[in-house]
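Take a look at the structure set out below.
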Amino acid sequence: MINPNEPISQGPGTPRSSASWPLTAGPRTRGSAPTSVLRRIGQCVAAMVVALSAPMVASAAPSAPEATNVVSSAAVRYRTVKVDGVNVFYREAGSKNAPAILLLHGFPTSSQMFRNLIPRLADRYHVIAPDYPGYGQSDMPPMDKFEYSFDNLSRVVDKFTTAIGLTRFAMYVQDYGAPIGYRIAAAHPERISAIVVQNGNAYDEGIDNEFWVAAKAYWADKSVANGAKLRPLFELPATKWQYTEGIRDTQRISPDAWTVDQAYMDRPGNKDIQLEMFYSYGSNPPLYPSWQAYFRKHQPPMLIVWGKNDKIFPPPGAHPYLRDLPKAELHLLDTGHFALEEEGEKISQLMRAFLQRHLK
């Protein structure tokens, strides 16, 4: 927009203020405006037209790979679909005719971890982010009525994709989303168009660190004593730690993130569910060879965006993907476990460039 208090450029040379406009230049009739003034008014109007029309031109043009065309969060829809009697909540945005992306969240969060990413993709893609049973806004059936395991959550998510009509889609997997998504991909390779993995593991190197010592003891011996060593992970200090450890600037991390996650975990019975899921995580390493075989055989396009300061899934879990997927792209980002909180714009830019090359 033109600011009437700013000098107006006359092309090459130094701009002159309105006070320096010549008021008597050229012949004029009684009551007419000076020719130079009319000319300047015309220039001003023309500049305003260009400025006002620019956003219209940008929105009509094809989107650039960068996330410059952010959709309003009001465009996101919040829906529920029933899968085997369980209400599964999900966020959805974008045209159903566009290439689909399934966003699979980690622990201890829900689809709310994608609240900022979805609008950055929805102008070009059909974006869907479900909450697993026991997480977020999905139903939380009691443990005697529902099997809380990675096998079962994968079955639910698989049936969820069928229920909402997804036949082919890319996946974004993080933390728990990786073992859930890789089960689906290995079972239905024809459905997977591309994979974006962010701090999600498929190799023994990725869990060969201090964080997993107590979990491995629990896998070997599901005792009350071993379980008690894991229960502090379900309390607020640990939840906040997951968001703040390894980041550059704590002022960029919204406290809403860990507050919302903790509120869901503080529901009666939920921490028992989380402990059961920690035990079930022990079912994932035996499947690593089958997932790696899927990578080698089908060579799905893969973008690896990894918070390199993550203490749960550090970079040794990122590099091995390149053994099986030599064409994969690897980007180590200077942030922590929930990389989207600090590097959401960077990740969305990398995703848009990557997906533009691989999704048609």
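Heads up: the sequence shown is residues 0 to 359, going by numbering that gives the first Met the number 0.
We put the CB at the ideal spot given by N, CA and C, even for glycine.
Suppose you measure from the CA of Ala213 to the CA of Pro267; what does that come to, to the nearest Å?
C-alpha separation (whole angstroms): 24 Å.
Taking DSSP as the reference, what is the three-state secondary structure of Arg90?
Residue state, collapsed to three classes: strand.
Under the rule that 16 or more other beta-carbon atoms within 10 Å means buried, what is His187, buried or exposed?
Label assigned to His187: exposed.
Name the DSSP bridge partner or partners of Trp305?
For Trp305, which the question treats as bridged, DSSP gives the partners Leu331.
With a CB to CB cut of under 8 Å and the five nearest residues on each side skipped, what residues in its chain are close to Ser148?
Here the set comprises Glu275, Met276, Ser279, Ser282.
Could you tell me which of Ser110, His125, Val85, Arg119 sits nearest to Ala97, measuring between CA atoms?
For the residues Ser110, His125, Val85, Arg119, the minimum Cα distance to Ala97 belongs to His125.
What's the C-alpha gap between Asn115 and Glu341?
Those two C-alpha atoms are separated by around 11 Å.
Based on the DSSP secondary-structure assignment, which residues constitute the bridge partners of Thr161?
For Thr161, which the question treats as bridged, DSSP gives no partner whatsoever.
Could you work out which residue in Arg247, Ala99, Leu302 is closest to Arg90 when comparing CA atoms only?
Here the closest residue by C-alpha is Ala99.
Exposed or buried, which one is Ser347 when buried takes at least 16 other CB atoms within 10 Å?
Under this definition Ser347 is a buried residue.
Between the region 171 to 182 and the region 281 to 298, are three or more C-beta pairs nearer than 8 Å?
Judged by Cβ distances under 8 Å, the region 171 to 182 makes contact with the region 281 to 298, as three or more pairs qualify.
Which residue comes first and which comes last in the alpha helix (DSSP H) that contains Tyr171?
Segment 168 to 172 is the beta strand (DSSP E) holding Tyr171; no alpha helix (DSSP H) there.
Going along the chain, which residues of its own chain have a beta-carbon closer than 6 Å to the beta-carbon of Tyr171, five neighbours each way excluded?
Once the five neighbours on either side are set aside, the close Cβ partners of Tyr171 are Leu102, Val195.
Roughly how many angstroms lie between the CA atoms of Arg247 and Leu339, to the nearest whole one?
Near 13 Å, if we compare the C-alpha coordinates of Leu339 and Arg247.
In the DSSP assignment, find the unbroken alpha helix (DSSP H) run with Ile346 in it and report its ends.
Unbroken alpha helix (DSSP H) run through Ile346: 338 to 357.
Given that a residue counts as buried once 16 or more other Cβ atoms are within 10 Å of its Cβ, and exposed if not, what is Ser94?
Classification of Ser94: exposed, given that the 10 Å Cβ count is below 16.
Could you tell me how far apart the beta carbons of Ala184 and Tyr293 are, in whole angstroms, since I believe they sit closer than 8 Å?
Ala184 to Tyr293, Cβ: 6 Å. Contact.
Can you look up Gly30 in the DSSP assignment and give me helix, strand or coil?
For Gly30, the predicted structure reports a pLDDT of 40, less than 50, and the residue's modelled location is therefore unreliable. A value from the coordinates is still provided. Coil.
Asn198 and Ala327: beta carbons closer than 9 Å?
No, they are not a contact pair.
Are the region 107 to 121 and the region 140 to 155 touching, with three or more C-beta to C-beta distances below 8 Å?
No: fewer than three Cβ pairs fall under 8 Å.
DSSP state of Ser192, grouped into three classes?
Strand, per DSSP.
Does Gln298 pass the burial test, meaning 16 or more other C-beta atoms within 10 Å, or should it be called exposed?
When all chains shown are included, Gln298 counts as exposed.
How is Ala317 classed by DSSP in three states: helix, strand or coil?
DSSP places Ala317 in coil when its eight states are reduced to three.
Taking Lys307 as the reference, give the member of Thr334, Val156, Lys359, Asn269 with the closest Cα.
With distances taken between Cα atoms, Lys307 lies closest to Thr334.
DSSP beta-bridge partners for Ile100?
Its beta-bridge partners are Val126, Ala169.
Look at the alpha carbon of Pro132 and the alpha carbon of His357, and state the distance between them as a whole number of angstroms.
Taking the straight line from one Cα to the other gives about 31 Å.
With distances taken Cα to Cα, identify the nearest neighbour of Asp143 among Asp271, Lys215, Ser153, Glu244.
For the residues Asp271, Lys215, Ser153, Glu244, the minimum Cα distance to Asp143 belongs to Asp271.
Nearest to Pro140 by alpha carbon, out of Lys296, Gly343, Asn269, Leu302?
Selected option, being the one with the closest Cα: Asn269.
Reducing DSSP to helix, strand and coil, say where Thr249 ends up.
Looking at Thr249 - three-state DSSP - the assignment turns out to be helix.
Whole-angstrom Cβ separation of Phe159 and Pro129, contact assumed at under 8 Å?
The Cβ separation is near 6 Å, so the contact holds.
Scan the region 220 to 282 and note each continuous alpha helix (DSSP H) run of 4 residues or more that stays entirely inside, going in chain order.
Entirely contained in the region 220 to 282, the alpha helix (DSSP H) runs reaching 4 residues are, in chain order, 223 to 227, 235 to 243, 254 to 264, 269 to 279.
Are the Cβ atoms of Leu229 and Gln261 separated by less than 9 Å?
In this structure, Gln261 does not lie closer than 9 Å to Leu229 by Cβ.
Measuring only the C-alpha atoms, how far is Thr243 from Thr249?
If you take the alpha carbons of Thr243 and Thr249, they lie about 6 Å apart.
For the putative contact between Asn225 and Phe312, defined by C-beta atoms under 8 Å, what is the C-beta separation to the nearest angstrom?
That belief does not hold up - the Cβ atoms of Asn225 and Phe312 are roughly 22 Å apart, past 8 Å.
Report the partner residues of Lys363 according to the DSSP bridge assignment.
Residue coverage of the chain in this structure runs from 0 to 359, which leaves residue 363 outside it and unanswerable.
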